[in-house]
Every structure is written in structure tokens, then in C-alpha cells.
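In my numbering, the protein residues as written are 82 to 322.
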Amino acid sequence: MTDPAIADQSKDAAATAAVRLVEPGMRLGLGTGSTAAIFVRRLAQRVKAEGFELRCAATSKGTAELAGSLGLRVEELDDIGWLDLTIDGADELDPDLNLIKGGGAAHLREKIVATASDRMVVIADQGKVVNRLGQFHLPVEVIPFGWQATRQLILRALERLDLSQRPVLLRKRDDQPLLTDEGNLILDLALEEIHDPEALAAELSAIAGVVEHGLFLNICQLAIIGRPDGSVVELAREDFE
Ligand SMILES: O=C[C@H](O)[C@H](O)[C@H](O)COP(=O)(O)O
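Written as C-alpha cells, this is what we have:
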């Protein structure tokens, strides 16, 4: 079916392949972003055509609204309890299936949903695959209270890792600070190359004002990479069933 909202062939190929992983009755996590939105549209088409039941938890208000408007049953994660599968996009992924996420400022809820799932599958176009994470900026969600002190602590943590970039407060087009769905701020780190993602993740997580960073390490089990010709390539971890 032609849908004007699904214009990107690579993303659509990945999203369409991921829809085939969904089984009737599943408890499903829905990601955020343009690729996840295509997945939601393709999923809704399949559910409408086949008429089966699903229980969905969304990773953002935007995704919840889209899924609900397309007739999918969206519930609070706590009402569902645990999820069988989460399908989400990514900003970058490396050969070990470690990710940078949060380009749409949704990584906090995305990480909560992904880690409350038996399996997490990433869908992405091939431009997202990198040898080493870091070319895409790394978002760090911080509490508004004392955020400038938190920024200082992040800067010191980066210096300990020989990363000297200054965290930048993410702003909207009107120059006001962007607030996440949880009412927090985002500090963006333009790092270029992250040589030790585990060390960086540990440093960031140890700072009191940091709510969550966009490094998703050892969370994703399968990546479905879409190509412009409509084909897909799968990268799987050994523990993917
Ligand atoms: O916060 C946003 C999410 O992490 C997205 O999944 C990520 O930014 C990828 O989005 P897109 O599919 O639009 O590139």
C-alpha cells in the first residue's frame, strides 16, 4: 500500500522486515523517531489486515499518539509489566550492536522500555552503521536543578577520558531549552570517536544530575539494516533467538 508518510525506502525496508518479527498476542515496545514511526505505520497495516491483538508500550508521547491514531492498543508500560519485544531506531550502531540513541531526545524512555523487554531489535538505514560510535552527538538527559554544575561534572569526566568537548545545552528553534517528555534538559556531546564506551557510560552514570545518556551498550540483540534498493541485512548477537 502506498503511504505518503513512508517515503524513505531504506527505513521502510528495515521497518517492514521487523513487522514480520511480531507475533499475535505479543507485548510490544514501540520506539521513537522517523524509522520507528514507519514501523508503527506498517505494523498498524498488518494488524488491521490480520486482525490480531497486541499490547503496545510507547517510548514517547509522539509515538503513543501515532500508534493510538492508527488503532493500535497503547498502554502504560507498568500496566503491561514486561515486554516480549521492542523495535526501535538508532542514531548509530557499531559492529557489536552498541548504539547511540536519543537524537529525538527520547532515549530515557527508550532505554527503560528496551531493558524491560526480552529482546530489543534496532531498525535503521545503512548510513547509521559505523565502525566506532561517536560521530553522532551523544545526548545526556540531565535534571534542570543545578544543570550547570552537572555540566561541569560531565566536562571533568570527559577530561579524565581525554575527551575535551564541551557539553552543549540542546535548544529548540525559538532558542528555549528543549525539555524531554520527563521535563528534563539535554546536554549534547560532540565527541567524534568514543574509544571506550563502557568507561564513558560509567562516568556519566556516576554523576548525580545525569538521568540517562544515549549509549545503549549490550541491549540490542538484532539490527535490521535497510538499503535504498529495498533489501535488508541483519546483524545479530549470538544470544538472539
Ligand atoms: O530519541 C530518538 C531516538 O533515539 C530515535 O530512535 C533515533 O534518534 C533514530 O531516529 P531516526 O529513525 O529518525 O533516525
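Every residue, glycine too, gets a C-beta built ideally from N, C-alpha and C.
Quick caveat, the model's predicted, so the values are computed rather than measured.
Range covered by the alpha helix (DSSP H) that runs through T231 | On the sequence shown, position 150 is the one that residue 231 refers to. T231 -> alpha helix (DSSP H) spans 228–241.
Reduced DSSP secondary structure (H/G/I, E/B, other) of R127 | On the sequence shown, position 46 is the one that residue 127 refers to. It is helical.
Going straight from the alpha carbon of Q207 to that of I119, what length do you get?
-> The residue labelled residue 207 in the question sits at position 126 within the sequence shown. The residue labelled residue 119 in the question sits at position 38 within the sequence shown. C-alpha separation (whole angstroms): 16 angstroms.
Short Cβ contact (8 angstroms threshold) for S63 with R190 = Past the edges of the chain, shown from 82 to 322, lies residue 63, and the structure says nothing about it.
Have a look at F133 and P105 and give me their C-alpha separation to the nearest angstrom.
-> Translated into positions along the sequence shown, residue 133 becomes position 52. Translated into positions along the sequence shown, residue 105 becomes position 24. When rounded, the distance between both Cα atoms is 6 angstroms.
Hey, out of L251, V128, Q302, V155, whose CA is closest to D175's CA?
-> Here residue 175 refers to the residue found at position 94 when the sequence shown is read from its first residue. Per the Cα distances, Q302.
Taking I300 as the reference, give the member of V202, D256, P258 with the closest Cα.
-> The residue you call residue 300 lines up with position 219 of the sequence shown. Ranked by Cα distance from I300, the first of V202, D256, P258 is V202.
Using only the heavy atoms of ligand 1, determine whether one of them is closer than 7 angstroms to the beta carbon of H188.
-> Mapped onto the sequence shown, residue 188 falls at position 107. Distances between the C-beta of H188 and the heavy atoms of ligand 1 include at least one below 7 angstroms.
Start-end ranges of the beta strand (DSSP E) lying completely within the stretch 90–160, minimum 3 residues = For the stretch 90–160, the continuous beta strand (DSSP E) assignments of 3+ residues that do not extend past its boundaries occur at 108–111, 136–139, in sequence order.
Quick one: does the C-beta of S115 sit closer than 7 angstroms to a heavy atom of ligand 1?
-> Position 34 of the sequence shown, counted from the first residue, corresponds to residue 115. Yes, since a heavy atom of ligand 1 falls inside the 7 angstroms radius drawn around the Cβ of S115.
For L124, which residues from the same chain have a beta carbon less than 6 angstroms from its beta carbon, with the 5 sequence-adjacent residues on both sides left out?
-> Position 43 of the sequence shown, counted from the start, is the residue given in the question as residue 124. The residues are V100.
Taking Cβ positions, are G311 and A130 nearer each other than 8 angstroms?
-> For this step, residue 311 is matched to residue 230 along the sequence shown. For this step, residue 130 is matched to residue 49 along the sequence shown. Result no, Cβ atoms of G311 and A130 do not sit closer than 8 angstroms.
When every heavy atom of ligand 1 is checked, does at least one fall within less than 7 angstroms of the C-beta of E240?
-> Within the sequence shown, the letter at position 159 stands for residue 240. No, the beta carbon of E240 sits no closer than 7 angstroms to any heavy atom of ligand 1.
As assigned by DSSP and simplified to three states, the class of E284 = Taking the sequence shown and counting its residues from 1, one reaches residue 284 at position 203. Here E284 carries a helix assignment [DSSP, helix/strand/coil].
Entirely within the stretch 151–227 and at least 4 residues each: give me those alpha helix (DSSP H) ranges in chain order.
-> Listed in chain order, they are 158–161, 188–196.
Please indicate yes or no: does the CB of K182 lie closer than 7 angstroms to some heavy atom of ligand 1?
-> Here residue 182 refers to the residue found at position 101 of the sequence shown. Here the distance from the Cβ of K182 to the nearest heavy atom of ligand 1 is below 7 angstroms.
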